[in-house]
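A.B. asks: Take 337 as the starting number for the sequence shown in the working numbering and just add one per residue.
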Amino acid sequence: MDRLFFGSPFSTGAVRDSQINSDTTRDYGDFGNVSADSAFDGGTLGNITVDPFNQTPAGTGIRIEGSFDPGISLNFTFKPRALVGSTTNGVGNSFSVALTLSLVSSAPYGTPSDGSDNVNPVTLKLTSLATQYTVGGAPLLIKFGIYPGFKFTNYGFNNPDGRGDGFVATLDGSSILPLNLALTIAYGSKGGNDGDFVYFTGVRGTASLIPGITGGIYYGVEAPDVITPNQSGLTTNLFGLDFAGALGPISFDGEYNVSVNAGPGRVAGYARASADFGIFTIGASYRVVDNTFVGLGNDTSPFRKNQNGFGTDIALKLGFATVGFYYDQRRSQDPNFTVGAGGVDARFATDNTAARGSTDFGVNLTLRLIGFDIAPFATRENEYDGSNVAVRDRTSYGVRLTHDGSKPDALIGGLNLAFGYLQTNNGIAPGDGITTLYVYGDATISLLGFSITPKGYFSQVTTSVRPSARSQPPRRTRTMT
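So, in structure tokens, the structure goes:
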């Protein structure tokens, strides 16, 4: 409303007040103040609290005895007569609008039965408005509302649950435009405690030059509005491109993102590919992710921040047996941070004791025998500092035996069992190790229309220490349920 109807009673920037006379576009205005101009408005709402993220309370009151949880959603669509019967490229056109309203109740101002005039406020809130134009079979969808969701890439502008109140417009031109072009525009006011006067804008386009392969490019920015004083570090520019596709048995995807925020640009990107040749599959990946990259959204990439590295995994399928192997190597992007097991980041004061890199590899075998899966495995994790001196060397091996009661060849349908043995040794301190044994089982029993699922679990963890420190016997921990 601020951008479309500024300077009007519909805009939060239009304040008709003799003392506060400003029509500047902003996140929210000074609604509710008693003013000398109230007579022209037919009265005033009084001094009410205004939500700083474009939500101003409005509604009526209702006295409620007992509990009341109103919840209603209203949706409707319509099509204008002007488009009925018209066509583009021989395909019919249409236009529709859908509104979603919710009836919500906030906490009461007082006790409904206390004899006062306190009431429970009830609000009819417009949560979303979506319009869809279909021209020649190509839909243009525009969503307005509270936190409309959108996603550009895994690292950049990844906001499936929305980033703030605004709109998202998407044009699918695959049927009328060359190269299967598509366009997405996102705009809104950032939500959250630090979102006052901060707006985000993003534009993304995709195309398919080769059938089966799609590429995309985008630009996004999040910055204060025109009335906010200059504040260093509040403006973030984001650029990126991505690709995905398949050629025969080979599939691949990747992306490259750059964020600029009060300093040099920071990078987040990866490329990965896999091939399935029936009895043989192989996959590989390469990634570079800066620790201070700012993606203006969620991070759903398979690779965590502060690393550059590569990895591969191979599987060989031989009837009832599958053999797998993996290898992964990565180093820290930031010398003040570490790359630990699983990519955990931790800051260290000095560079001598911090792990700056990690190499992991392992092999496993899965055998399918009479309804059971038997899976022996072995892994090794090595971590080293900036001088390539080992700071961690862990070797693990063990075996898992499982029975899945939902599989067609299950020995006993509905019965799930798991047995496991794991031994972990520390190569830096020989003699240190952990031995883990566990047993788990559950079954679903149906009787007289009821389902019962009893479960049982037992584990034992034994920790051993170096011979020089064996002043006490090995420690054992048991858990049983």
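Every residue, glycine too, gets a C-beta built ideally from N, C-alpha and C.
It should be emphasised that the depicted structure is a prediction, and the values quoted were computed from it without experimental measurement.
Sort S694, V797, V725 by Cα distance to Q759 and report the nearest one.
C.D. replies: Here residue 759 refers to the residue found at position 423 of the sequence shown. Comparing Cα positions, the closest option is V797.
A.B. asks: By alpha-carbon positions, which one of Y733, G576, D729, S637 ends up nearest to R540?
C.D. replies: The residue you call residue 540 lines up with position 204 of the sequence shown. Nearest C-alpha to R540: G576.
A.B. asks: Do you know how far the Cα of S595 is from the Cα of P475?
C.D. replies: Looking up residue 475 in the sequence shown gives position 139. Looking up residue 595 in the sequence shown gives position 259. Looking at the two C-alpha atoms, the distance is approximately 31 Å.
A.B. asks: Can you tell me where the beta strand (DSSP E) holding T648 begins and where it ends?
C.D. replies: The residue labelled residue 648 in the question sits at position 312 within the sequence shown. Unbroken beta strand (DSSP E) run through T648: 643 to 654.
A.B. asks: Just to confirm, are F646 and R602 a CB contact at a threshold of 7 Å?
C.D. replies: Against the sequence shown, residue 646 aligns to sequence position 310. Against the sequence shown, residue 602 aligns to sequence position 266. Taking 7 Å as the Cβ cut-off, F646 and R602 do not qualify as a contacting pair.
A.B. asks: Could you have a look at N516 and say whether DSSP puts it in helix, strand or coil?
C.D. replies: Taking the first residue of the sequence shown as 1, we reach residue 516 at position 180. Correct three-state label for N516: helix.
A.B. asks: How would you label Y793, buried or exposed, when you count the other beta carbons within 10 angstroms and need 16 or more for buried?
C.D. replies: To locate residue 793, count along the sequence shown from 1; it is residue 457. Exposed.
A.B. asks: So the candidates are G551, A711, L705; which of them puts its Cα closest to the Cα of G660?
C.D. replies: In the sequence shown, the residue the question calls residue 660 occupies position 324. Comparing Cα positions, the closest option is A711.
A.B. asks: If we ignore side chains and look at the alpha-carbon of each, how far apart do T572 and E558 end up?
C.D. replies: Here the question's residue 572 lines up with position 236 in the sequence shown. Here the question's residue 558 lines up with position 222 in the sequence shown. For T572 and E558, the distance between alpha carbons rounds to 5 Å.
A.B. asks: DSSP state of F533, grouped into three classes?
C.D. replies: In the sequence shown, counting from the first residue as 1, residue 533 sits at position 197. In the structure shown, F533 sits in coil (DSSP, three-state: anything other than H, G, I, E or B).
A.B. asks: Tell me which residues share the same chain as L519 and place their Cβ nearer than 6 Å to its Cβ, disregarding the 5 neighbours each side in the sequence.
C.D. replies: Here residue 519 refers to the residue found at position 183 when the sequence shown is read from its first residue. Closer than 6 Å at the Cβ level, and outside the excluded window around L519, lie L507, G541.
A.B. asks: With respect to the beta strand (DSSP E) encompassing D497, which residues constitute its N-terminal and C-terminal limits?
C.D. replies: Indexing the sequence shown from 1 puts residue 497 at position 161. Element bounds for D497: n/a, residue is neither H nor E.
A.B. asks: Taking D570 as the reference, which of Y523, F533, G605 has the closest Cα?
C.D. replies: Locating residue 570 in the sequence shown gives position 234, where the first residue counts as 1. A small fix is needed here, since residue 570 is Leu in this sequence, not Asp. Considering only alpha carbons, the answer is F533.
A.B. asks: Determine the DSSP secondary structure at R540, reduced to helix, strand or coil.
C.D. replies: Position 204 of the sequence shown, counted from the first residue, corresponds to residue 540. DSSP places R540 in strand when its eight states are reduced to three.
A.B. asks: Just the Cα atoms here: how many angstroms apart are D709 and T799?
C.D. replies: Taking the first residue of the sequence shown as position 1, residue 709 is located at position 373. Taking the first residue of the sequence shown as position 1, residue 799 is located at position 463. Using only the alpha carbons, I get a separation of about 28 Å.
A.B. asks: Where are the alpha helix (DSSP H) runs, 4 residues long or more, that stay fully inside the stretch 718 to 806, in chain order?
C.D. replies: Qualifying alpha helix (DSSP H) stretches: none in this window.
A.B. asks: Which term fits A819, buried or exposed, when burial requires 16 or more other beta carbons within 10 angstroms of its beta carbon?
C.D. replies: This structure cannot speak to residue 819, because the chain is shown only from 337 to 817.
A.B. asks: Is DSSP giving D626 helix, strand or coil here?
C.D. replies: Locating residue 626 in the sequence shown gives position 290, counting from the first residue. DSSP places D626 in coil when its eight states are reduced to three.
A.B. asks: Does the distance between the C-beta of D626 and the nearest non-hydrogen atom of the ligand FMN fall short of 6 Å?
C.D. replies: Inclusion of the ligand FMN in the displayed structure is not the case, the ligand content being empty and no account of it being possible.
A.B. asks: Since V727 and E719 should fall inside the 8 Å C-beta cutoff, what is the C-beta to C-beta distance between them, to a whole number of angstroms?
C.D. replies: Working through the sequence shown from its first residue, we reach residue 727 at position 391. Working through the sequence shown from its first residue, we reach residue 719 at position 383. At roughly 5 Å, the Cβ-Cβ gap stays under 8 Å, so V727 and E719 are in contact.
A.B. asks: Alpha carbon to alpha carbon, how far is P585 from Y592? Give it in angstroms, no decimals.
C.D. replies: Here residue 592 corresponds to residue number 256 of the sequence shown, with the count starting at 1. Here residue 585 corresponds to residue number 249 of the sequence shown, with the count starting at 1. Cα to Cα, the separation comes out at about 24 Å.
A.B. asks: Out of F536, V624, S668, D649, which one is the CA nearest neighbour of R692?
C.D. replies: As a position in the sequence shown, residue 692 is number 356, starting the count at 1. The option with the nearest alpha carbon to R692 is S668.
A.B. asks: As a quick exercise: from R736, D768, I770, I748, pick the residue whose alpha carbon is nearest that of F755.
C.D. replies: For the purposes of this step, residue 755 is taken as residue 419 along the sequence shown, with counting starting at 1. Ranking R736, D768, I770, I748 by Cα distance to F755 puts R736 first.
A.B. asks: What is the residue span of the beta strand (DSSP E) that Y606 lies within?
C.D. replies: Stepping through the sequence shown from its first residue, residue 606 is reached at position 270. Start and end: 602 to 612.
A.B. asks: Nearest to D729 by alpha carbon, out of T738, S525, P766?
C.D. replies: Working through the sequence shown from its first residue, we reach residue 729 at position 393. Checking every option, the nearest Cα to that of D729 belongs to P766.
A.B. asks: Would you grab the beta carbon distance between F307 and L703 for me? Rounded to a whole angstrom, and I think it's under 8 Å.
C.D. replies: Nothing in the structure corresponds to residue 307, since the chain is present only between 337 and 817.
A.B. asks: Could you work out which residue in G749, N495, T715 is closest to G777 when comparing CA atoms only?
C.D. replies: Counting from one through the sequence shown, the residue named residue 777 turns up at place 441. Of the candidates G749, N495, T715, the one whose C-alpha sits nearest the C-alpha of G777 is G749.
A.B. asks: So what's I615 in DSSP terms, helix, strand or just coil?
C.D. replies: Residue numbering aside, residue 615 sits at position 279 when the sequence shown is read from its first letter. Coil at I615, not helix or strand.
A.B. asks: Going by DSSP, what residue range makes up the beta strand (DSSP E) through A580?
C.D. replies: Position 244 of the sequence shown, counted from the first residue, corresponds to residue 580. Segment 572 to 583, the beta strand (DSSP E) holding A580.
A.B. asks: Whose C-alpha, out of Y757, G741, I650, Y774, is nearest the C-alpha of I781?
C.D. replies: For this step, residue 781 is matched to residue 445 along the sequence shown. Comparing Cα-Cα distances from I781 to each of Y757, G741, I650, Y774, the minimum goes to G741.
A.B. asks: On the three-state DSSP scale, how would you describe T695?
C.D. replies: As a working mapping, residue 695 is identified with position 359 in the sequence shown. Looking at T695 - three-state DSSP - the assignment turns out to be strand.
A.B. asks: Between the beta-carbon of L574 and the beta-carbon of G556, is there less than 7 Å?
C.D. replies: Here the question's residue 574 lines up with position 238 in the sequence shown. Here the question's residue 556 lines up with position 220 in the sequence shown. Yes, the Cβ-Cβ distance between L574 and G556 is below 7 Å.
A.B. asks: Taking the C-alpha atoms as reference points, what is the distance between D745 and L773?
C.D. replies: The count along the sequence shown starts at 1 and reaches residue 745 at position 409. The count along the sequence shown starts at 1 and reaches residue 773 at position 437. The alpha-carbon atoms of D745 and L773 are separated by roughly 27 Å.
A.B. asks: Give me the residue from G769, L654, S723, L751 with the minimum Cα distance to P790.
C.D. replies: Locating residue 790 in the sequence shown gives position 454, counting from the first residue. Residue L751 is the option with its Cα nearest to P790.
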